[in-house]
Amino acid sequence: MQLDELKAELHAAGFPAFTARQVFQWVYHKNNQDPASWSNVAKAGRERLAALYGLAPRPILERRGDAGGTRKFLIGLADNHRIETVLIPEKGHYTFCLSSQAGCALACAFCATGAMGFRRNLSAGEIVSQVLTLKKELGDYAGRINLVFMGMGEPLLNYENLARALRIVCAEDGLNVSPRHVTVSTAGILAGLDRLEHDFPLVKIAFSLNAPDPLLRSELMPISRREGLVGLLDYFRAHERRQRITFEYVLLAGINDSPAQARQLARLIHGIPAKINLIPYNPNPRLPFRRPDEAGIEKFRSVLLEKGLTVVTRWSKGEDIRSACGQLAVLTEDC
Ligand code: SF4
649 MQLDELKAEL
659 HAAGFPAFTA
669 RQVFQWVYHK
679 NNQDPASWSN
689 VAKAGRERLA
699 ALYGLAPRPI
709 LERRGDAGGT
719 RKFLIGLADN
729 HRIETVLIPE
739 KGHYTFCLSS
749 QAGCALACAF
759 CATGAMGFRR
769 NLSAGEIVSQ
779 VLTLKKELGD
789 YAGRINLVFM
799 GMGEPLLNYE
809 NLARALRIVC
819 AEDGLNVSPR
829 HVTVSTAGIL
839 AGLDRLEHDF
849 PLVKIAFSLN
859 APDPLLRSEL
869 MPISRREGLV
879 GLLDYFRAHE
889 RRQRITFEYV
899 LLAGINDSPA
909 QARQLARLIH
919 GIPAKINLIP
929 YNPNPRLPFR
939 RPDEAGIEKF
949 RSVLLEKGLT
959 VVTRWSKGED
969 IRSACGQLAV
979 LTEDC
């Protein structure tokens with residue numbers, strides 16, 4: 649709920665005008681969701697608020713960490729679905745990798761979440777709750793956090809709840825995260841991109857590309873048969889943003905990792921202000937893909953660099969804790 653909505657609701661319920669702001673301060677600024685401890689709210693008000701609202705973040709069912717400090721959490725939803733959220737330490741800040749759906753309908757061939765299928769959209773509360781949970785893990789840390797919607801699900805197919813969550817997360821009264829520190833990663837939903845561009849022009853976009861041509865992309869990412877690659881790239885060319893587009897490219901050995909495909913990729917995105925994130929595939933025993941060897945990855949990268957592109961290789965963090973998209977939830981579903 650946004651502050652204005654809560655104000656109206658609490659006003660109608662007979663609370664003083666300032667109560668909504670107090671609630672926001674406790675819930676978001678102090679990350680305390682236990683009304684019984686809200687010392688500046690009258691006791692009767694605290695009891696009524698506790699009865700009216702379910703404020704506690706969803707419980708952590710399982711946690712795994714790796715030597716590099718990446719921590720992955722399996723969160724239980726009220727209807728027993730499970731989602732993943734990941735805390736990644738970076739140089740000078742933390743990144744929170746958030747889920748937007750339980751499961752995913754898009755069935756990308758290389759993705760554990762895609763193999764799991766679609767369960768349901770997350771509510772705005774369930775999205776924001778992940779941020780509160782990860783902030784609790786950081787204790788008193790008050791520095792910068794980046795939010796990336798790269799966990800389970802396609803965020804732009806849950807646009808209403810994503811937008812509501814972003815408004816709460818970015819509001820000064822809410823979690824006060826700069827929209828410049830938020831990235832929405834998408835497989836390419838044109839209508840959703842347009843809405844995001846309109847509603848949140850400062851939020852960064854990452855586009856999950858993964859193939860240097862439309863045909864291969866359609867094989868790897870079935871959504872590409874409906875949302876054509878050429879149309880999406882034309883959209884990016886026509887809508888120059890304040891932020892560069894990040895193209896994510898998961899490197900799959902023998903599938904999309906040859907030097908010729910790197911040249912093809914450079915031609916494909918020519919003219920779009922962009923950065924390329926190369927993500928060496930994080931193998932999953934259930935899926936028939938392999939990670940290229942380091943020499944192959946470096947060769948691919950150097951071809952793109954020769955073409956004048958900005959390229960970063962993102963070694964997936966927490967490989968040993970199965971932090972590829974959806975792996976923890978898929979594993980525990982089978983238990
Ligand atoms: S890669 Fe993303 S869009 Fe594709 S199936 Fe996985 S979660 Fe869905």
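Using our numbering, you'd call the opening residue of the sequence shown number 649 and step up by one each time.
Ideal Cβ positions, reconstructed from N, Cα and C, are used throughout, including at glycine.
Simplified DSSP state of residue i, which is helix, strand or coil
| i | result |
| --- | --- |
| A972 | Reliability fails at A972, whose pLDDT of 46 lies under 50, so the model's placement of it is uncertain and no value is given. |
| H1004 | Lying before the first or after the last residue shown, residue 1004 is absent from the chain, which here runs from 649 to 983. |
| R892 | coil |
| L658 | helix |
| N809 | helix |
| I837 | coil |
| C745 | strand |
| E987 | What the structure shows of the chain is the stretch from 649 to 983, and residue 987 is not part of that stretch, so it cannot be assessed. |
| Q928 | Inspection of the sequence shows that residue 928 is occupied by Pro rather than by Gln. Strand, per DSSP. |
| K678 | coil |
| E732 | strand |
| S906 | coil |
| L899 | strand |
| P849 | coil |
Straight-line Cα distance separating residue j from residue i
| i | j | result |
| --- | --- | --- |
| G974 | L782 | Here G974 scores only 49 on pLDDT, less than 50, and its place in the model should not be relied on; the value that follows carries that caveat. Near 18 Å, if we compare the C-alpha coordinates of L782 and G974. |
| M869 | C756 | 5 Å |
| D941 | A901 | 8 Å |
| V878 | L838 | 11 Å |
| L913 | L881 | 12 Å |
| G811 | L899 | A quick correction: the sequence has Ala, not Gly, at residue 811. Going by the C-alpha atoms only, they are around 31 Å apart. |
| A910 | C759 | 22 Å |
| E820 | E954 | 43 Å |
| G693 | A668 | 11 Å |
| E732 | W686 | 30 Å |
| D682 | I853 | 35 Å |
| R767 | F744 | 22 Å |
| P664 | I723 | 35 Å |
| N679 | M649 | 16 Å |
| Q670 | Q778 | 21 Å |
| S748 | I917 | 27 Å |
| R934 | I924 | 27 Å |
| A886 | G662 | 51 Å |
| R711 | V734 | 10 Å |
| L786 | L814 | 21 Å |
| R939 | E946 | 13 Å |
With 16 other Cβ atoms within 10 Å as the buried cut-off, status of residue i
| i | result |
| --- | --- |
| E875 | buried |
| L770 | buried |
| W963 | exposed |
| N904 | buried |
| E802 | buried |
| K739 | exposed |
| Y789 | exposed |
| K784 | exposed |
| E695 | exposed |
| P985 | The structure shown does not extend to residue 985, since the chain is modelled only from 649 through 983, so no value can be given for it. |
Under 9 Å between C-beta atoms of residue i and residue j
| i | j | result |
| --- | --- | --- |
| P705 | L780 | yes |
| Y742 | N824 | no |
| L651 | F672 | yes |
| S856 | E888 | no |
| T831 | V851 | yes |
| A684 | A699 | no |
| L804 | G840 | yes |
| I893 | I920 | yes |
| G822 | Y929 | no |
| T958 | A922 | yes |
| E774 | L844 | no |
Chain C contact for residue i (CB, 9 Å cutoff)
| i | result |
| --- | --- |
| G713 | Here there is only one protein chain, and chain C is not present. |
Please go through the region 692-720 and give each complete beta strand (DSSP E) segment of 3 or more residues, from N-terminal end onward.
708-713
Quick check on the DSSP output: what are the complete beta strand (DSSP E) runs of length 3 or more inside the region 739-796, in order along the chain?
741-745, 749-751 and 766-769
Please give me, in chain order, every unbroken run of the beta strand (DSSP E) with length at least 3 that falls completely inside the region 933-968.
958-961
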